[in-house]
Structure formats: structure tokens, C-alpha cells
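Asks:
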Amino acid sequence: MTSNVRILLVDDDESNRLTMSVLLEDEGFEIAVASSFAEAREVLSAPEPRFDAVLLDHHLGDGLGTELVPLVRARDGSTKVMLISGSVADDELVAVRFDALVTKGAYFPDVLALLRRTLAG
Amino acid sequence: MSEPEDPQLQAALALRVRELERELAEARRARAGELRGERLGAVGQFAERMGHDLRNPLAAVRNAHHYVSRRLLATEVGKDVRIAQFMALMEKELKLCARIIDDLLDFARERPMLVTACPLRPLIDDALASIQHPPLVKLSNLVPDAFPTPNVDRDQFRQVIVNLVTNAVEAMPPERGGEVQVAATATGSELAVSIVDNGTGITASDLQRILEPLFTTKLKGTGLGLAIVNNNVQRHGGVLEVESTVGVGTTFRIRLPRTIQVHAGQEATP
Chain S
24 MTSNVRILLV
34 DDDESNRLTM
44 SVLLEDEGFE
54 IAVASSFAEA
64 REVLSAPEPR
74 FDAVLLDHHL
84 GDGLGTELVP
94 LVRARDGSTK
104 VMLISGSVAD
114 DELVAVRFDA
124 LVTKGAYFPD
134 VLALLRRTLA
144 G
Chain U
217 MSEPEDPQLQ
227 AALALRVREL
237 ERELAEARRA
247 RAGELRGERL
257 GAVGQFAERM
267 GHDLRNPLAA
277 VRNAHHYVSR
287 RLLATEVGKD
297 VRIAQFMALM
307 EKELKLCARI
317 IDDLLDFARE
327 RPMLVTACPL
337 RPLIDDALAS
347 IQHPPLVKLS
357 NLVPDAFPTP
367 NVDRDQFRQV
377 IVNLVTNAVE
387 AMPPERGGEV
397 QVAATATGSE
407 LAVSIVDNGT
417 GITASDLQRI
427 LEPLFTTKLK
437 GTGLGLAIVN
447 NNVQRHGGVL
457 EVESTVGVGT
467 TFRIRLPRTI
477 QVHAGQEATP
């Protein structure tokens, strides 16, 4: 069951944001989107709504997604953090605690399977 | 200029000429190596740039196609045989593009190795299960359950097996099919994993160049697949060998030292 599971998708690439959010909605998730570091920080600074997971692009045009992770953790410790990154060798990734790593440009069925495993874990 | 008549002087001169010729040949080889290195560096930078730039738009197109395909095939229009055929064709070709981009990025970046003890037979099973192959091509895992466990970077080594077996599958004549066997042997100092096919084989001239980056005999290939395989094997401290007979088949052999210095879960240098 994916109804009432709320996901925040943070991605500065408009095409990927649109396709990923529509496909996730099609699977029954409730999706909120942020198109920049600043917009995501604003969403995460508000106490509501609660998110079950945040899909967080690492390289945002105006900041690093990893710098938003402490904000997500402080807001709600049960929210899962899934980082979207081009490389597992990214130096900044070592410093943060995240629940799953999504390869940038991944095919939706693979992302969906990983999301379901992460939410269940 | 006339030659000196002193035989000793003649012999000394001849010796010096041979030495100079040898030094010149060595210098030429070294320069060729430098040029190859510079070329590879430039190719690597270009590959990385291309890969990064193409990955996002391709992902958006591929995921949009996934959505449209799912919706369209559930309608009356989707029952048109050509619609289903062309949607499948688009998916197949988009997947190929994604694989080419993955190859470019794999070639360009040297991610740290994560070397752990990986039982070989399940690793081969996992790799073979991910390879799409025609029904006439049989894939066999001949690695015994009790084979000594190698220390490898699991993802990289799995990719090595997937690339070599995929190449072997593609080398099979479609009308007769064939078999690809993955086998392993162990000696005191090394482990060897062999990928043996009874496909079309490789000509002697292609065999000399087959591990060079950008060399390909495929219609749709970057020529990076085997270069990546070779690089990954070398990063494990191993050696990739190949022998082939046209019309009989090809064997790729990965020879790995049994003692790769590792700390489980840590970056390791073979």
C-alpha cells in the first residue's frame, strides 16, 4: 500500500522532476516537489507536512543536497533520506547518514523498487 | 665518407650503432606509451563530460516513455501491433543508450574499490541472471560451491563477468546459438575465472587490439566495454588473457592473486 505515503522530491532538473513526480503519483504516493536548495530548505523549515521519505538530489544548482540532511533528521527522525547522486565516490557523501543512494539517471522501476525497500526497512 | 679500415674500430662502431638503434626504439616505444596515456586521459575527460551531460535528459526521456507506454498499451490504440512493437523498440534502444552512458562514466571515473570476501558461485549466478540472451544460447555456471572465496570489489567484479558473458552471447551465430561457460580453477598463488564460448571467434588481427579503448567490431559499441573490464581486472592486481580461434570460440581468463591486501568494507589497494 502506498496511499498516504508522502514523499518530498528535491531536484533542480525540471524534466526529471516532472517525470519522477508523475510516475510516483501514478504509484499512489503523495508528492511534494522542490526545485532548488533554497526551496527545499523553506519546505523543510515548516513543521508540516510530515514526509515518509525525501528523494534528494545531491548536486543542486544553489547548494548541496547533503547539507539539507541534518535539517531532515532534526525535523523528523523517522523520515528516510534517499540521496540521488552520480557517483558513490562523491567525497561529500561520506560525511552524511542516508538510507539509500539512487544513481542519478536511474530508470524508474529501479528507483521504485529501492524506494519500497527503503520505506519497508 | 670512407669506412675505417681498423677492424676493431669497425666492430666498435657497429656495436655503437646497434646500441643507438636500440635506444631509439625504446624512446619511440616510451613516446608511443605517453601518447596513448595522453589520448586516454583526453578520452576519459571527454567521456565523463558527455556521460554527465547526457544522463539527465536520457533519464527523463526513458522515464517519460515508461509512463506513456504503460498508459498507451492499456488503451485501444495500444492494441495496434505496430504501436506495441515501436514502444518496445524505443524501450530497447533507450536502454542501449543508457548502457553506453554507463560505459562512458565507468571508463572515466576511478571509484574507490570496496573489496570484500565474495563467494564466487553465487556472484556468477547473480551476474548470469541479469543477462538477457536468446533461447538458443545456454549460460552455464561451472564454479563449484566449495571454490575458495576470492576477495573482490563485488560490483566491479560482477560487472566484469556481465560484460564478458554479454560479449560472448553476442558472438554466437543467431541461427545456431551456442553455450557460454563460466569456470574457475585455483592454484596455490592465484585464482582463475574463465569465460568460454563456442561462438564465431576473433581474428588474430582483432585479438591484438581487443583491449584497446575505443576499438570495437560491434555495430553499436563504444569500444570501452573490454577496456573497462581490463582496467577493473588490473585494479584487482589481476591479468586478463584472451585466446580465440575463428569458427571455434573464445576464452577470456581472469587471473587473480589469492592475496589481495584488504580490510573488509574498506577501500583497498591490490
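Just so you know, the protein sequences line up as chains S and U, in that order. Remember, my numbering sits 23 above the position in the first sequence when you count from 1. Remember, my numbering sits 216 above the position in the second sequence when you count from 1. Heads up, the beta-carbon is just placed ideally off N, CA and C, and yes, glycines get one too. Since the structure is predicted, the reported quantities are computational estimates derived from the model, not experimental observations.
Give me, in chain order, the residues of the same chain whose beta-carbon lies closer than 6 Å to that of P443 of chain U; leave out the 5 immediate sequence neighbours on both sides.
Replies: For the record, residue 443 of chain U in the displayed sequence is Ala; it is not Pro. Excluding residues within five positions, the ones whose Cβ falls inside 6 Å are P429.
Asks: If the criterion is Cβ atoms closer than 8 Å, does the pair V398 of chain U and V381 of chain U meet it?
Replies: Against a cut-off of 8 Å, the Cβ pair of V381 of chain U and V398 of chain U comes out as a contact.
Asks: What residues in its chain sit with their C-beta under 8 Å from that of L440 of chain U, if we drop five residues either side in the sequence?
Replies: Result list for L440 of chain U: A263, D319, L320, D322, F323, P429, L430, in chain order.
Asks: Residues of chain U with CB closer than 8 Å to the CB of M43 of chain S, please, in chain order.
Replies: Under the 8 Å cutoff, chain U gives N279.
Asks: Have a look at the DSSP bridge pairing and note the partners of S356 of chain U.
Replies: Answer is U:Q397, bridged to S356 of chain U.
Asks: Closer than 8 Å by beta-carbon distance: list the chain U residues that pair up with A129 of chain S, in chain order.
Replies: In chain order: A275.
Asks: Considering only the alpha carbon of each residue, which of S:P132, S:R73, S:T141 lies closest to L106 of chain S?
Replies: Selected option, being the one with the closest Cα: S:T141.
Asks: State yes or no: is the C-beta of R120 of chain S within less than 8 Å of the C-beta of D99 of chain S?
Replies: No. Outside cutoff.
Asks: Determine the chain U residues that contact S38 of chain S at a beta-carbon separation under 7 Å, and present them in chain order.
Replies: Residues of chain U passing the Cβ test: P273, A276.
Asks: Rounded to whole angstroms, how far is the Cβ of K103 of chain S from the Cβ of A76 of chain S, which I believe are closer than 8 Å?
Replies: Right, their Cβ atoms sit about 4 Å apart.
Asks: What residue range is occupied by the uninterrupted alpha helix (DSSP H) comprising I316 of chain U?
Replies: Segment 297 to 324, the alpha helix (DSSP H) holding I316 of chain U.
Asks: Name, in chain order, the residues that DSSP records as bridge partners for F468 of chain U.
Replies: Bridge partners of F468 of chain U: U:I411, U:V458.
Asks: Give the single residue among U:T466, U:A246, U:R425, U:A275 whose Cα lies nearest to the Cα of L46 of chain S.
Replies: Of U:T466, U:A246, U:R425, U:A275, the residue nearest in Cα terms is U:A275.
Asks: In chain S, which residues lie less than 7 Å from H268 of chain U when you measure between Cβ atoms?
Replies: Simply G109.
Asks: Terminal residues of the continuous alpha helix (DSSP H) containing N446 of chain U?
Replies: Segment 441 to 451, the alpha helix (DSSP H) holding N446 of chain U.
Asks: Tell me which residues share the same chain as V233 of chain U and place their Cβ nearer than 7 Å to its Cβ, disregarding the 5 neighbours each side in the sequence.
Replies: Closer than 7 Å at the Cβ level, and outside the excluded window around V233 of chain U, lies no residue.
Asks: Using a Cβ-Cβ cutoff of less than 6 Å, which residues in the same chain neighbour E457 of chain U once the five nearest sequence positions on both sides are dropped?
Replies: Closer than 6 Å at the Cβ level, and outside the excluded window around E457 of chain U, lie R469.
Asks: Between L336 of chain U and T365 of chain U, how many whole angstroms is the CB-CB distance? I'm expecting something under 8 Å.
Replies: So it is a contact: roughly 7 Å between Cβ atoms.
Asks: Tell whether a beta-carbon distance below 8 Å holds between L472 of chain U and G454 of chain U.
Replies: Yes, the pair counts as a contact, with Cβ atoms nearer than the cut-off.
Asks: Strictly under 8 Å for the Cβ-Cβ distance: is H282 of chain U near chain S by that measure?
Replies: Closer than 8 Å to some Cβ of chain S, the Cβ of H282 of chain U qualifies, so yes.
Asks: Which whole-angstrom value describes the C-beta separation of N334 of chain U and F363 of chain U, a residue pair presumed to lie in contact below a C-beta threshold of 8 Å?
Replies: Asn is not the amino acid found at residue 334 of chain U; the sequence shown has Cys there. Between F363 of chain U and C334 of chain U the Cβ distance is about 11 Å, and since that is not below 8 Å, they are no contact.
Asks: Of the choices U:T416, U:D361, U:G404, whose alpha-carbon is the least far from that of N383 of chain U?
Replies: When each option's Cα is compared against that of N383 of chain U, the closest is U:T416.
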